[in-house]
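Accompanying notes for the structure given below.
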């Protein structure tokens, strides 16, 4: 897979058309199903390179994305492109690393024996996909595969090798922002089927192990400064419950020790994640719902074995989801903000400089979700994305906190006016329980419009949840562009809205949980969004 090409016409970084076709009709299925014009955008740690997948610009191969890289030090240069090899392989994702390198994911169709692996048939052939992860350079000259230890593959059957590729795909777990050459990867050991954490040298291709997961302990938080595994977790089965134990280091280089204070009861649906470590204080940032309905963020002192008296971040209505920490050399390790899961994923910025920039962007793109992709060391280059329920993701570069350049649009052929807009609502179930839901009105809807058609669209799982923003499954834009209002009820048993709602579904699926969807339909009628004889319900998986 060493083909490369230079783009000679069409897409350039400095001038990308973001215009939409104004057709005023339902969005065609083909426009929702076709390969995006741009997706999977990421920037290297050093800010020198940008990678993305882009739709084919010419030729008959219109159903496979093309790998692209840009030199951000010279925006006048066109990107380097690489098309997938063969007739059936496909690029499905790319992630920029550092020093002109990136990780990309390729999938290929597979038909053969799996012997029960990955939900395959025990006998006979299974038709499915096999994914491979590669490390490549910005010119796409070489594609290396360090995520399976090839030296240990000798004597392994073809079906076992395929199974390992399907079940142990590996990943880059830390880009090590301060290390000029190495990243930290996870990979599968074919001899033991256990996951290893290892350094990978981008230039030499050499690997060296850091940590090996076992049946009783798996790596957790990894220090981005040097790749040291600072925490681990393991399942401890005791009596009638399942307990998740967490091990942490008291300081750098110390052994991993079990801290019972960090143990949680999985039967009670308690969760705990070691999300970051503060170099100055030696304290950990812990995301947990152990003490409250909503997940909050605490600091934890491994010496005294005590949590902070109060959360360092808590939202009254939504689960906290993580700590945003700077990877820039001049601000390395500084807390920039705290993330939480509202109708979309949001950040409460606490760093005054970064926060001011992001707040300005959020105001400039009012009504859209703004997501930072890369923030340069001097804050003079911000690569970010915006999206909304009626706006596919768009990508921009802000330079010198003043000059805005459009990079691309995931689906520039879609007109936002043809799709409805989403918002978070709450409705009351028949037994008085308050339930959240994502409401997306039909395209062109205005207050006081007559009731119309509606769809109740339950999510799968059922331990899952919906988010607003652009619906990559395409069901919401498909339906709202055809005159349907869509309600996505976050029924009892939905995860990510607090512990009370999550556990309220226990033992009630098919009963009260089903009533929650019906009560959502009744709410649509009572609020004037839907006519009672024009409502349907459908979903996928559990939904």
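Numbering (the numbering used here), first residue to last: 147 to 689.
Idealized CB from N, CA, C, for every residue including glycine.
As the structure is a prediction and not an experimental result, all values here were calculated from the model.
Candidates the options: closest to residue i by CA position
i, options, result
"residue 201", "646, 182, 187 and 227", "182"
"residue 519", "362, 252 and 528", "528"
"residue 521", "543, 485 and 534", "543"
"residue 654", "639, 612 and 269", "639"
"residue 524", "507, 503 and 514", "503"
"residue 765", "273, 463, 243 and 511", "Since the displayed the chain opens at 147 and closes at 689, residue 765 lies outside it and no answer follows."
"residue 487", "378, 393 and 614", "614"
"residue 233", "224, 252 and 246", "252"
"residue 534", "469, 546 and 569", "569"
"residue 340", "485, 360, 213 and 415", "360"
"residue 237", "278, 555 and 598", "278"
"residue 506", "548, 492, 485 and 224", "548"
Proximity below 7 Å, CB of residue i to CB of residue j
i, j, result
"residue 624", "residue 178", "yes"
"residue 552", "residue 633", "no"
"residue 686", "residue 629", "no"
"residue 332", "residue 244", "no"
"residue 467", "residue 480", "no"
"residue 281", "residue 290", "yes"
"residue 531", "residue 538", "no"
"residue 433", "residue 421", "yes"
"residue 646", "residue 439", "yes"
"residue 567", "residue 594", "no"
"residue 345", "residue 292", "no"
"residue 388", "residue 413", "yes"
"residue 627", "residue 172", "yes"
"residue 604", "residue 674", "no"
"residue 667", "residue 602", "yes"
"residue 600", "residue 631", "yes"
"residue 462", "residue 443", "no"
"residue 435", "residue 406", "no"
Cβ-heavy atom distance, residue i to the ligand SAM, below 6 Å
i, result
"residue 380", "As presented, the structure is devoid of all ligands, the ligand SAM included, so that no description of it is given."
Reduced DSSP secondary structure (H/G/I, E/B, other) of residue i
i, result
"residue 337", "coil"
"residue 670", "helix"
"residue 328", "strand"
"residue 449", "coil"
"residue 562", "helix"
"residue 516", "strand"
"residue 179", "helix"
"residue 396", "coil"
"residue 310", "helix"
"residue 660", "helix"
"residue 304", "helix"
"residue 677", "strand"
"residue 665", "helix"
"residue 577", "coil"
"residue 686", "coil"
"residue 610", "coil"
"residue 194", "coil"
Inter-residue spacing [alpha-carbon to alpha-carbon] between residue i and residue j
i, j, result
"residue 327", "residue 249", "14 Å"
"residue 324", "residue 424", "16 Å"
"residue 402", "residue 330", "19 Å"
"residue 671", "residue 560", "30 Å"
"residue 184", "residue 210", "12 Å"
"residue 474", "residue 499", "13 Å"
"residue 390", "residue 437", "15 Å"
"residue 219", "residue 241", "19 Å"
"residue 546", "residue 221", "15 Å"
"residue 509", "residue 516", "10 Å"
"residue 395", "residue 376", "6 Å"
"residue 441", "residue 649", "14 Å"
"residue 660", "residue 619", "23 Å"
"residue 357", "residue 215", "32 Å"
"residue 311", "residue 363", "22 Å"
"residue 316", "residue 408", "27 Å"
"residue 489", "residue 637", "14 Å"
"residue 294", "residue 276", "14 Å"
"residue 258", "residue 199", "29 Å"
"residue 495", "residue 213", "33 Å"
"residue 206", "residue 229", "Residue confidence is low: residue 206 scores 48 on pLDDT, short of 50, so the model does not pin down where it sits. Its coordinate-derived value is still stated next. Using only the alpha carbons, I get a separation of about 13 Å."
"residue 167", "residue 196", "Any reading at residue 167 must be qualified, since the residue scores a pLDDT of 40, below 50, and its modelled position is unreliable; the value itself is stated next. Rounded to whole angstroms, residue 167 to residue 196 spans 28 Å at the Cα level."
"residue 483", "residue 446", "18 Å"
"residue 448", "residue 590", "55 Å"
"residue 658", "residue 580", "13 Å"
"residue 622", "residue 681", "15 Å"
List, from N- to C-terminal side, the beta strand (DSSP E) runs of 3 residues or more that fit wholly inside the segment 247-284. Entirely contained in the segment 247-284, the beta strand (DSSP E) runs reaching 3 residues are, in chain order, 247-258 and 272-283.
Mind listing, in chain order, the continuous alpha helix (DSSP H) runs of no fewer than 4 residues lying wholly within the segment 616-651? Secondary structure within the segment 616-651: the alpha helix (DSSP H) runs of 4 or more consecutive residues, fully enclosed, are 621-626 and 645-649 (chain order).
Please specify which runs of the alpha helix (DSSP H), each continuous and at least 4 residues long, are wholly inside the segment 483-512, giving them in chain order. Counting only runs of 4 or more, we get 498-510.
Entirely within the segment 406-476 and at least 3 residues each: give me those beta strand (DSSP E) ranges in chain order. With a minimum length of 3 residues, the continuous beta strand (DSSP E) runs that stay inside the segment 406-476 are 418-423, 430-434, 442-447 and 465-471.
So within the segment 340-370, which uninterrupted beta strand (DSSP E) runs reach at least 3 residues, ignoring any that extend past its ends? DSSP runs (the beta strand (DSSP E)) wholly in the segment 340-370: 340-347 and 353-358.
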